[in-house]
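Protein chains: 2
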Amino acid sequence: MHDLRPIGVFDSGVGGLTVLAALRRALPAEDLLYLGDTARVPYGTRSATTVERYALRVASHLYEDGIKALVVACNTATTHALPALTAAGRRAGVPVLGVIEPGVAEALRRTRSGRVAVLGTEGTIRGGRYQALLAPHVREVQARACGLFVGLAEEGWTDGEVARLVAERYLAPLRDGPDTVILGCTHYPLLRGVIEAALPGVAIVDSAESTAVATRERLAEAGLLRQAGTGRSRFLVTDNVERFQHAGRRFLGVVPKPVALVDLDTPTGVFGGAA
Amino acid sequence: MHDLRPIGVFDSGVGGLTVLAALRRALPAEDLLYLGDTARVPYGTRSATTVERYALRVASHLYEDGIKALVVACNTATTHALPALTAAGRRAGVPVLGVIEPGVAEALRRTRSGRVAVLGTEGTIRGGRYQALLAPHVREVQARACGLFVGLAEEGWTDGEVARLVAERYLAPLRDGPDTVILGCTHYPLLRGVIEAALPGVAIVDSAESTAVATRERLAEAGLLRQAGTGRSRFLVTDNVERFQHAGRRFLGVVPKPVALVDLDTPTGVFGGAA
Numbered sequence: 001m002h003d004l005r006p007i008g009v010f011d012s013g014v015g016g017l018t019v020l021a022a023l024r025r026a027l028p029a030e031d032l033l034y035l036g037d038t039a040r041v042p043y044g045t046r047s048a049t050t051v052e053r054y055a056l057r058v059a060s061h062l063y064e065d066g067i068k069a070l071v072v073a074c075n076t077a078t079t080h081a082l083p084a085l086t087a088a089g090r091r092a093g094v095p096v097l098g099v100i101e102p103g104v105a106e107a108l109r110r111t112r113s114g115r116v117a118v119l120g121t122e123g124t125i126r127g128g129r130y131q132a133l134l135a136p137h138v139r140e141v142q143a144r145a146c147g148l149f150v151g152l153a154e155e156g157w158t159d160g161e162v163a164r165l166v167a168e169r170y171l172a173p174l175r176d177g178p179d180t181v182i183l184g185c186t187h188y189p190l191l192r193g194v195i196e197a198a199l200p201g202v203a204i205v206d207s208a209e210s211t212a213v214a215t216r217e218r219l220a221e222a223g224l225l226r227q228a229g230t231g232r233s234r235f236l237v238t239d240n241v242e243r244f245q246h247a248g249r250r251f252l253g254v255v256p257k258p259v260a261l262v263d264l265d266t267p268t269g270v271f272g273g274a275a
Numbered sequence: 276m277h278d279l280r281p282i283g284v285f286d287s288g289v290g291g292l293t294v295l296a297a298l299r300r301a302l303p304a305e306d307l308l309y310l311g312d313t314a315r316v317p318y319g320t321r322s323a324t325t326v327e328r329y330a331l332r333v334a335s336h337l338y339e340d341g342i343k344a345l346v347v348a349c350n351t352a353t354t355h356a357l358p359a360l361t362a363a364g365r366r367a368g369v370p371v372l373g374v375i376e377p378g379v380a381e382a383l384r385r386t387r388s389g390r391v392a393v394l395g396t397e398g399t400i401r402g403g404r405y406q407a408l409l410a411p412h413v414r415e416v417q418a419r420a421c422g423l424f425v426g427l428a429e430e431g432w433t434d435g436e437v438a439r440l441v442a443e444r445y446l447a448p449l450r451d452g453p454d455t456v457i458l459g460c461t462h463y464p465l466l467r468g469v470i471e472a473a474l475p476g477v478a479i480v481d482s483a484e485s486t487a488v489a490t491r492e493r494l495a496e497a498g499l500l501r502q503a504g505t506g507r508s509r510f511l512v513t514d515n516v517e518r519f520q521h522a523g524r525r526f527l528g529v530v531p532k533p534v535a536l537v538d539l540d541t542p543t544g545v546f547g548g549a550a
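Chains as they are written, first to last, in my numbering: chain A, 1 to 275; chain B, 276 to 550.
Spelled out as structure tokens, the structure:
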């Protein structure tokens, strides 16, 4: 009833830090171990089989590091790899949660009109997982790939004229449509202001929050919660620590640290006994 | 005096197709073999050592495929890997050309005021190769990382209000400064219109053109030119053929084909005897 192992959080880069921040708020006692696969970011434009291969490699590294649960904090990885990751997690005795199902559940609670839209990367939208989960329960699902939102978030251009115009161009076709919109990419919460302005009166679902709540529930059910103390976060990346810290600050509010570089082409981790 | 082997052209993704198009015009008789490392694109945000490792792997695949020259059609790979690629090319008996030196030479021919600027990805600008090559010969060098230009080019938003505003924001600090600007990223020629509009009266150097001319000269000196016939192009990518063809059309004017998927984690190529 007092499991000290960290929760693993996995993303292709910095975007999943929005999920890490939500987990930190929902589960303040837990240690969090984040892995950003920055050598192979972005997943959003890769093929399904490539994303699945990358995701399984990352997960196996985190299992070796002794995590007690895995949160797939990346919509594209959840889209293409959740079934394979869940199967691997079962073999390792580790529960696996994606970011898509909690966001879908929240959108279904929020919508009144039964018209829901999802915004995401090309890979997430093409993968169709949001659409498949929503369709049986609502009147209409719309999906929009908003490729430039990621670049805007990483450049820090999250408000102002450029961000406003880009949001306008992507979202104008959704006006007078859905009453609920899911931010189906972990970068998009940084652009929430301009997205809301482009879609007045529409409910915005940030799946980072929903995922954090779902993770707390799952850990409680499994008796895996840490009951007391103050959790720490640490970070692994597969390339370019400096850029991760620089861009990561926009997503986390503070500079992510400590960060270690990990080589996923070799079988051993870098924290080793120092974890 | 009549060498039928193809010229290898290498980029991290689709951007190098602007160089391929320029080579096609300058060397209409030559066969061209393009390799886009789309499983590991973008190189622009990766560390120097990672880019060098990826570039050497790609080059070795092209050497095995029997190329007679290698054009590194990627500014980031030229920045971080040209010395290592040139050394490997010497061992393979293959001349290697990057995109940076020809663009620098052209800028030095064009500038009157001796004030030159270069626009590029974060990796290219951080790498400092343009700055190091220009500085001894000019009064002033300015360098600007324009991260969002790549996303705009790939999204096809190359004119209109968004592109105009983004160019304005990146380039306004250069106004009343340099008289010559190098497009130090193979994506940027697609945005030439908005870049010129943001910098009226400034000479724009497109290094794709300069590189094609330099390649023709180098092959002529080495006696490697194909003297007659109509060259063909073929394409290799490391992931997602469909996306390469879709995005590639914007860069090449036509859909790139034939395209084959190649796995750089295994030692053998895919065209094999069918080449």
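Just so it is clear, CB atoms sit at the ideal spot from N, CA and C, and this is done for glycine as well.
Neighbour flag for residue i against chain E, beta carbons, 9 angstroms
i       : result
A:Ala39 : The displayed structure is made up of protein chains A and B, and chain E is not among them.
CB of residue i within 9 angstroms of CB of residue j, strictly
i        : j        : result
B:Val284 : B:Leu298 : yes
B:Glu397 : A:Arg243 : yes
B:Leu408 : B:Glu429 : no
A:Thr45  : B:Val316 : yes
B:Leu372 : B:Ala410 : no
A:Gly103 : A:Arg139 : no
A:Ala212 : A:Pro189 : no
B:Ala478 : B:Thr455 : yes
B:Ala348 : B:Val294 : yes
A:Ile67  : A:Leu17  : no
A:Gly151 : B:Gly426 : yes
Nearest-angstrom Cα separation, counted from residue j out to residue i
i        : j        : result
A:Pro178 : A:Val116 : 5 angstroms
B:Val545 : B:Pro281 : Caution is warranted here: a pLDDT of 38 is assigned to B:Val545, below 50, making its placement in the model unreliable, and no coordinate value can be reported.
B:Glu471 : A:Ala214 : 51 angstroms
A:Val262 : A:Val58  : 10 angstroms
A:Asn75  : B:Leu279 : 47 angstroms
B:Val529 : B:Leu474 : 30 angstroms
B:Glu381 : A:Ala92  : 59 angstroms
A:Arg129 : A:Phe149 : 20 angstroms
B:His355 : A:Arg110 : 50 angstroms
B:Ala447 : A:Val194 : 24 angstroms
B:Pro533 : B:Val512 : 11 angstroms
B:Leu394 : B:Leu466 : 12 angstroms
B:Asn515 : B:Arg419 : 31 angstroms
A:Pro95  : A:Gly156 : 34 angstroms
B:Ala497 : B:Val346 : 15 angstroms
A:Gln142 : B:Ser335 : 45 angstroms
A:Asp206 : B:Arg387 : 53 angstroms
B:Phe510 : B:Pro531 : 7 angstroms
A:Ala220 : A:Arg232 : 19 angstroms
B:Ala503 : B:Leu310 : 24 angstroms
Segment limits, alpha helix (DSSP H) that includes residue i
i        : result
A:Leu261 : Here A:Leu261 belongs to no alpha helix (DSSP H); instead the beta strand (DSSP E) covers Val259 to Leu261.
B:Leu527 : Val516 to Leu527
B:Ala359 : Asn350 to Ala367
A:Val41  : It is not in any alpha helix (DSSP H) - A:Val41 carries neither H nor E in the DSSP assignment.
A:Val99  : Run containing A:Val99: none; DSSP gives neither H nor E here.
A:Val162 : Gly160 to Leu171
A:Gly151 : Leu148 to Glu155
B:Ala478 : No alpha helix (DSSP H) holds B:Ala478; the beta strand (DSSP E) holding it covers Ala478 to Asp481.
A:Ile195 : Arg192 to Ala198
B:Ala334 : Ala323 to Glu339
Where residue i meets chain B, residues with beta-carbon distance less than 7 angstroms
i        : result
A:Glu52  : The premise fails here: A:Glu52 is roughly 12 angstroms from chain B at the closest Cβ pair, so nothing lies under 7 angstroms.
A:Tyr169 : Position check: residue 169 of chain A holds Arg in this sequence, whereas Tyr was assumed. What A:Arg169 touches in chain B: Val437.
A:Arg243 : Thr320
Within chain A, partners of residue i - CB distance below 7 angstroms
i        : result
B:Ser287 : The premise fails here: B:Ser287 is roughly 12 angstroms from chain A at the closest Cβ pair, so nothing lies under 7 angstroms.
B:Ser322 : Asp239 and Asn240
B:Gly426 : Gly147, Leu148 and Gly151
Residue i: contacting residues in chain A (beta-carbon distance under 8 angstroms)
i        : result
B:Glu496 : By Cβ distance, chain A contributes nothing, its closest Cβ being about 38 angstroms from B:Glu496, past 8 angstroms.
B:Gly476 : Here the premise fails: no neighbours, minimum Cβ distance about 25 angstroms.
B:Glu415 : Within chain A, no residue comes near B:Glu415; the closest Cβ sits about 26 angstroms away, beyond 8 angstroms.
B:Arg450 : Neighbours of B:Arg450 on chain A: none; closest Cβ ~18 angstroms, over 8 angstroms.
Limits of the beta strand (DSSP E) - the one that residue i falls within
i        : result
B:Val393 : Arg390 to Gly395
B:Arg509 : Ser508 to Val512
B:Arg419 : Glu415 to Ala420
A:Thr180 : Thr180 to Leu183
B:Tyr309 : Leu307 to Gly311
B:Leu553 : With chain B covering only 276 through 550, there is no way to say anything about residue 553 of chain B.
B:Val294 : From DSSP, B:Val294 is part of no beta strand (DSSP E) but of the alpha helix (DSSP H) over Leu292 to Ala301.
Per-residue contacts from residue i into chain B (C-beta, under 8 angstroms)
i        : result
A:Arg110 : Going along chain B, no residue has its Cβ under 8 angstroms from A:Arg110, so there is no contact; the nearest lies around 30 angstroms.
A:Val166 : Val437
Chain-ordered neighbours of residue i on chain A, where CB pairs are closer than 9 angstroms
i        : result
B:Glu430 : Gly147 and Leu148
State whether the region 150 to 166 of chain A contacts the region 77 to 92 of chain A, with contact taken as three or more CB pairs (one from each stretch) at a distance under 8 angstroms. no
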